[in-house]
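Chemist:
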Amino acid sequence: MYQLVETIKINNGTPENLELHERRVKKSLSELFGIRKGLDLIAILKVPYNFSVGIVKCRIVYDTEIRETTFQQYVIRPVNSLRLVEDSEIDYSYKYADRSSLDALFNKRGSCDDILIIKNGFVTDTYYANVVFKSAVGDWITPESCLLKGTRRTCLLEKNLIKEAVIRVSDLKNFTKARLINAMLDICDTDGISIDNVV
């Protein structure tokens with residue numbers, strides 16, 4: 024049976040984007056297990072007192088029911104370079120606990136900090152995040168061909184703070200910078216990666 028993961032940012036004791044997390048969990052339960060009812064994440068998320076200050080990562084592992092809930096203090100991992108890695112077969116449309124296919128690609132990063140996965144010539148995601156690119160006019164663009172529709176990506180799209188477009192490898196030269204976004208990383212949380220360091 025598939026196990027899935029939901030990662031939720033806890034900011035000074037308050038969970039972020041719970042509605043979007045619940046929406047994704049409900050969709051995954053319905054499509055993978057035929058379960059129509061979602062999970063009440065508000066009821067599940069009892070933040071321990073020692074994790075009530077600062078930025079905390081909550082990780083929920085589930086299938087037909089919750090299997091594990093863990094909390095840990097979160098520290099941003101610096102990423103200043105991305106290696107282009109091609110895989111035309113990869114599928115990560117659900118947030119699976121088994122990341123072995125992504126692990127294999129990450130191991131090809133060489134001297135770079137992370138990878139940028141290319142599928143059939145189209146830009147998708149990095150190892151652990153969606154990606155946005157800064158255009159010459161200052162817009163932030165995210166690949167339409169992402170592997171996983173992350174909650175942060177969805178939130179930023181719904182607020183019209185980023186735009187979605189088809190991005191091929193050949194289009195990367197038209198951007199100046201890349202930033203990683205995920206449940207734990209908002210668009211302004213890092214300085215970004217120079218497009219010259221996407222190799």
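Read in the working numbering, the sequence shown has 146 at position 123, and its numbers run on one by one without any break.
Don't be surprised by glycine CBs; every beta carbon is placed ideally from N, CA and C.
1. So, is CYS211 buried or exposed, given that buried needs 16 or more other C-beta atoms within 10 angstroms?
2. Pick helix, strand or coil for ASN153, following the three-state DSSP scheme.
3. Please confirm if the segment 211-220 is in contact with the segment 158-175, defined as three or more CB-CB distances below 8 Å between the two stretches.
4. Residues bridged to ASN34 by DSSP?
5. Is the CB-CB distance between VAL84 and GLN95 below 8 Å?
6. Looking at C-alpha atoms only, which residue of ILE141, LYS172, LEU128 is the closest neighbour of ILE190?
7. Would you mind stating whether ARG47 and THR174 have Cβ atoms separated by less than 8 Å?
8. Which whole runs of the alpha helix (DSSP H) in the segment 39-105 are 4 residues long or more, in chain order?
9. Residue range of the alpha helix (DSSP H) that LEU180 falls in?
10. According to DSSP, THR165 sits in a beta bridge with which residue or residues?
11. Does the Cβ of PRO166 have 16 or more other Cβ atoms within 10 Å, making it buried, or fewer, making it exposed?
12. Measure the C-alpha to C-alpha separation of ASP114 and LEU170 and round it to an integer number of angstroms.
13. For SER75, which option in SER193, TYR117, LEU203, THR37 has the closest C-alpha, if you only look at C-alpha atoms?
14. May I ask you to list the residues that DSSP assigns as paired with THR146?
15. Does SER123 come out as helix, strand or coil in the three-state DSSP assignment?
Modeler: According to the structure shown:
1. The residue given as residue 211 occupies position 188 in the sequence shown. By the neighbour-count definition (other C-beta atoms within 10 Å, threshold 16), CYS211 is an exposed residue.
2. The residue you call residue 153 lines up with position 130 of the sequence shown. Residue state, collapsed to three classes: strand.
3. No contact exists between the segment 211-220 and the segment 158-175.
4. As a first step, residue 34 is located in the sequence shown; it is residue number 11 there, counting from the start. Paired residues: THR37, ILE78.
5. Taking the first residue of the sequence shown as 1, we reach residue 84 at position 61. Taking the first residue of the sequence shown as 1, we reach residue 95 at position 72. In this structure, GLN95 does not lie closer than 8 Å to VAL84 by Cβ.
6. Taking the first residue of the sequence shown as 1, we reach residue 190 at position 167. Of the candidates ILE141, LYS172, LEU128, ILE141 places its Cα closest to the Cα of ILE190.
7. As a working note, residue 47 is residue 24 in the sequence shown. As a working note, residue 174 is residue 151 in the sequence shown. For ARG47 and THR174, yes; Cβs fall inside 8 Å.
8. Runs found: 41-56, 64-67.
9. Here residue 180 refers to the residue found at position 157 when the sequence shown is read from its first residue. LEU180 -> alpha helix (DSSP H) spans 174-181.
10. Numbered from 1 along the sequence shown, position 142 holds the residue referred to as residue 165. According to DSSP, which records beta bridges pairwise, THR165 is partnered with GLU187.
11. The residue labelled residue 166 in the question sits at position 143 within the sequence shown. Under this definition PRO166 is a buried residue.
12. Counting from 1 along the sequence shown, the entry for residue 114 is found at position 91. Counting from 1 along the sequence shown, the entry for residue 170 is found at position 147. One alpha carbon belongs to ASP114, the other to LEU170, and they sit about 7 Å apart.
13. Within the sequence shown, residue 75 is the residue found at index 52, counting from 1. The shortest C-alpha to C-alpha distance from SER75 to any of SER193, TYR117, LEU203, THR37 is the one to THR37.
14. In the sequence shown, the residue the question calls residue 146 occupies position 123. The sequence as given places Val at residue 146; Thr does not occur at that position. Beta-bridge pairing links VAL146 to ILE141.
15. On the sequence shown, residue 123 is found 100 positions in, with the first residue counted as 1. The three-state reading of DSSP puts SER123 in helix, counting H, G and I together.
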